[in-house]
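Residue numbers (UniProt numbering): 1 to 675.
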């Protein structure tokens with residue numbers, strides 16, 4: 001049994017890098033720590049020192065950079081004022097802006113990054129270049145900022161204003177931040193604003209002068225990044241960590257090829273690396289070649305890649321890279337047979353490394369819960385990854401709550417890790433917050449009989465502000481086949497999810513208000529109908545925006561809202577503010593060939609008795625005929641015709657006369673003739 005540790009106990013045990021120094025403004029301790037780490041170059045291997053120099057700082061500051069960005073930036077500036085001769089605040093400021101430039105850009109495909117995210121990433125990139133040049137001007141010992149320049153140049157391309165400044169010494173005119181209203185809130189997460197200081201040094205840093213002419217003579221792809229790689233290698237006398245990053249940007253996903261990586265590794269740039277060190281570079285390509293996007297039906301391809309992975313394990317690799325291969329093998333075996341014992345063997349090779357991502361951890365949870373609950377491998381994986389992966393923090397809390405997978409049972413410990421997960425992945429608005437860390441841990445337990453095991457975790461997640469757990473709690477407590485069925489609790493969490501902006505929850509709450517408002521026994525329907533419409537509109541506008549942004553799409557729900565407006569809400573359009581919202585939308589949807597919207601408008605404009613202020617017979621005929629042209633056999637269409645045309649010969653002739661007066665370009669939803 002492994003003792004369950006509170007968050008503070010786990011971090012106190014780790015002596016590699018201290019936490020909380022920047023948060024607590026312990027500038028003297030920061031100076032002491034980084035001075036010792038800087039001088040470790042003489043006692044560590046070059047590879048180990050480079051890894052520690054970048055990795056330790058990332059682990060120390062990631063949480064504060066992400067969750068308290070502007071405050072972290074202020075503390076770094078105060079650190080610099082307290083130690084004006086120190087290089088470390090300069091280095092951390094560049095690291096800060098490099099972090100946010102990458103955070104805004106994200107790790108997804110370019111077409112999945114919104115325009116606002118692109119703009120914020122490029123604004124943060126301006127600071128990367130400006131602060132890096134300031135750091136190099138301050139001291140040539142700040143050469144390690146080159147790796148941040150390498151990464152931002154590859155991810156976002158090098159800005160033209162910097163290229164002109166660097167190669168031609170042309171100072172950019174009016175260099176400033178441009179923060180549009182649409183992403184002002186997003187920019188504020190990092191402290192970006194229109195008045196934020198943005199200044200280049202008067203001259204090129206002395207360290208970089210020899211590289212000005214070299215820039216145009218480089219014969220490598222990703223030329224801008226290659227220049228910063230050259231700077232890093234020259235100054236570090238090693239540079240493997242930067243070379244690994246550079247190889248990543250030569251992968252096919254970035255528009256290059258494995259051949260480009262091979263040529264680079266075989267070039268003079270890498271001749272000072274040993275064979276084992278070159279294998280670290282080759283691993284970028286090898287690992288990428290072991291595909292992870294197969295379906296279980298592609299048996300032949302999966303077996304081929306199992307063999308590739310097994311061959312890779314015969315090569316000399318670092319422990320972390322070896323564990324990554326085993327993790328990929330576990331996935332392949334899982335595709336072929338979810339209960340294969342070889343999956344467990346693979347996981348046992350990964351337990352000591354912090355290499356899991358959210359999806360791999362979810363697969364490990366599923367395998368453990370279905371096939372290996374007696375083994376403690378999942379507890380060890382949670383321990384290795386709990387400080388850096390939000391889902392692993394949640395998982396460790398869940399294991400401690402129940403005493404699972406070798407972890408001592410201690411519900412109080414679980415609460416501390418649930419709260420810590422929020423520092424690694426803070427709650428986001430819907431739809432960005434749909435697939436949160438708590439929901440990912442919940443999914444392997446997504447069966448009614450398993451709900452009692454995870455409901456406390458979901459309640460806590462809802463308390464912490466995560467939107468999908470709130471919605472899921474509402475759903476679980478509303479299921480009559482669940483032992484947790486409770487109408488009042490279901491309503492509480494569903495309403496909370498709606499308040500947090502969950503589209504489906506808002507729609508459901510809107511339906512609830514609508515059903516109450518249209519009851520015959522309801523003497524004051526208007527306030528209920530008004531609230532119903534407000535929820536529907538929030539849902540509709542959110543869905544429309546998310547669809548255009550490419551962040552979330554649920555066309556059926558969008559259509560359901562318009563159907564509700566056409567089927568039920570339009571009957572209450574005699575309330576002016578309800579009608580002012582509903583009618584323009586029905587007209588818009590009618591022109592888009594939405595039949596229910598067309599028939600609702602036909603009935604509306606024909607209603608001389610109850611809604612005389614809308615009565616317009618030609619409009620009623622127009623929408624009725626438009627609907628008939630779309631689908632003459634539709635029940636709604638035939639019902640609307642009965643209302644508008646009526647039965648007498650006089651009315652039939654009147655209807656036909658009105659039809660004859662409608663020109664083709666005035667007919668909504670008309671089908672243009674194609675030649």
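Here a beta-carbon is modelled for each residue, glycine too, at the ideal position from N, C-alpha and C.
Buried or exposed: where does residue i fall if 16 or more other Cβ atoms within 10 Å of its Cβ makes it buried?
i	result
residue 359	exposed
residue 5	buried
residue 255	exposed
residue 282	buried
residue 252	exposed
residue 245	buried
residue 515	exposed
residue 653	exposed
residue 412	exposed
residue 89	buried
residue 496	buried
residue 390	buried
residue 589	buried
residue 3	exposed
Skipping 5 residues on each side, what residues in its chain have a beta carbon closer than 7 Å to that of residue i?
i	result
residue 152	98, 101, 125, 128
residue 416	6, 7
residue 594	562
residue 420	7, 393
residue 483	452
residue 67	423, 426
residue 479	448, 485
residue 444	362, 365, 366, 369
Kindly indicate which residue of the options has the alpha-carbon position closest to the one of residue i.
i	options	result
residue 437	275, 331, 137, 460	460
residue 288	69, 249, 319	249
residue 372	355, 216, 346, 34	346
residue 494	468, 517, 484, 516	468
residue 401	384, 379, 389, 654	379
residue 186	616, 121, 146, 499	121
residue 195	589, 179, 491, 265	179
residue 259	270, 268, 269, 247	247
residue 527	517, 536, 535, 521	517
residue 202	162, 64, 190, 220	162
residue 644	573, 304, 476, 606	606
residue 296	325, 403, 327, 331	331
residue 219	546, 269, 550	269
residue 183	275, 114, 454, 30	114
residue 370	338, 398, 388, 613	338
residue 431	264, 548, 340, 377	548
residue 273	236, 405, 309, 303	236
residue 213	168, 357, 190	168
residue 38	48, 223, 107, 53	53
residue 377	398, 357, 407, 355	407
residue 450	481, 463, 511, 164	481
residue 302	143, 50, 336	336
residue 95	144, 197, 328	144
Spatial neighbours of residue i within its chain, please: CB distance less than 6 Å, with the 5 preceding and 5 following residues excluded, ordered by chain position.
i	result
residue 117	104
residue 123	177, 192
residue 17	56, 59, 60
residue 498	505, 506, 509
residue 429	501
residue 386	392, 393, 396
Counting contacts by CB-CB distance shorter than 7 Å, is residue i in contact with chain D?
i	result
residue 592	As a matter of chain content, chain D is missing from the structure shown, which is built from one protein chain.
Less than 8 Å between C-beta atoms, sequence neighbours within five positions excluded: which residues of the same chain meet that for residue i?
i	result
residue 458	438, 442, 469, 472, 473, 476
> Where in the region 543 to 610 do unbroken runs of the alpha helix (DSSP H), each at least 4 residues long, occur, reported from the N-terminal end onward?
Replying inline: Restricted to the region 543 to 610, the alpha helix (DSSP H) segments that are unbroken, complete and at least 4 residues in length are 555 to 567, 576 to 591, 595 to 606, listed in chain order.
> Between the region 33 to 50 and the region 68 to 82, do at least 3 Cβ pairs fall closer than 8 Å?
Replying inline: Too few Cβ pairs lie closer than 8 Å, so no.
> Does the region 572 to 584 come close enough to the region 616 to 624 to have 3 or more Cβ pairs within less than 8 Å?
Replying inline: With the cut-off at 8 Å, the region 572 to 584 and the region 616 to 624 do not touch.
> At which residue ranges does the region 78 to 161 contain complete beta strand (DSSP E) runs of 3 or more residues, listed in the order of the chain?
Replying inline: None, since the region 78 to 161 contains no complete beta strand (DSSP E) of that length.
>> If contact is defined by three or more beta carbon pairs under 8 Å, each pair taking one atom from either stretch, is the region 552 to 564 in contact with the region 488 to 505?
In response: In this structure the region 488 to 505 lies against the region 552 to 564, because at least three pairs of beta carbons, one per stretch, are closer than 8 Å.
>> Does the region 589 to 606 come into contact with the region 636 to 647, if we say contact requires no fewer than three beta-carbon pairs (one atom in each stretch) closer than 8 Å?
In response: In short, these stretches touch, since the Cβ pair count reaches three.
>> For the pair the region 217 to 227 and the region 131 to 142, tell me if three or more CB-CB distances fall below 8 Å.
In response: Verdict: no, contact absent.
> Fully enclosed by the region 372 to 453, which alpha helix (DSSP H) runs are 4 residues long or longer?
Replying inline: DSSP assignment within the region 372 to 453 yields the following whole alpha helix (DSSP H) runs of 4 residues or more, N-terminal first: 377 to 385, 390 to 402, 411 to 424, 437 to 442.
>> Would the region 310 to 327 count as touching the region 270 to 284 if we require 3 or more Cβ pairs under 8 Å?
In response: The region 270 to 284 and the region 310 to 327 touch, with three or more beta-carbon pairs separated by less than 8 Å.
>> Could you check whether the region 141 to 151 touches the region 231 to 240, counting it as contact only if at least three pairs of C-beta atoms, one from each stretch, sit closer than 8 Å?
In response: At 8 Å Cβ cutoff, the stretches touch.
>> Please give me, in chain order, every unbroken run of the alpha helix (DSSP H) with length at least 4 that falls completely inside the region 268 to 334.
In response: Correct list: 275 to 289, 299 to 312.
>> Just to confirm the assignment: which complete alpha helix (DSSP H) runs, minimum length 4, are found wholly within the region 201 to 251?
In response: Taken in chain order, the complete alpha helix (DSSP H) segments of 4 or more residues contained in the region 201 to 251 are 214 to 217, 223 to 236, 240 to 248.
> Could you give the uninterrupted runs of the alpha helix (DSSP H) lying entirely in the region 7 to 44, keeping only those of 4 residues or more?
Replying inline: Counting only runs of 4 or more, we get 7 to 13, 27 to 39.
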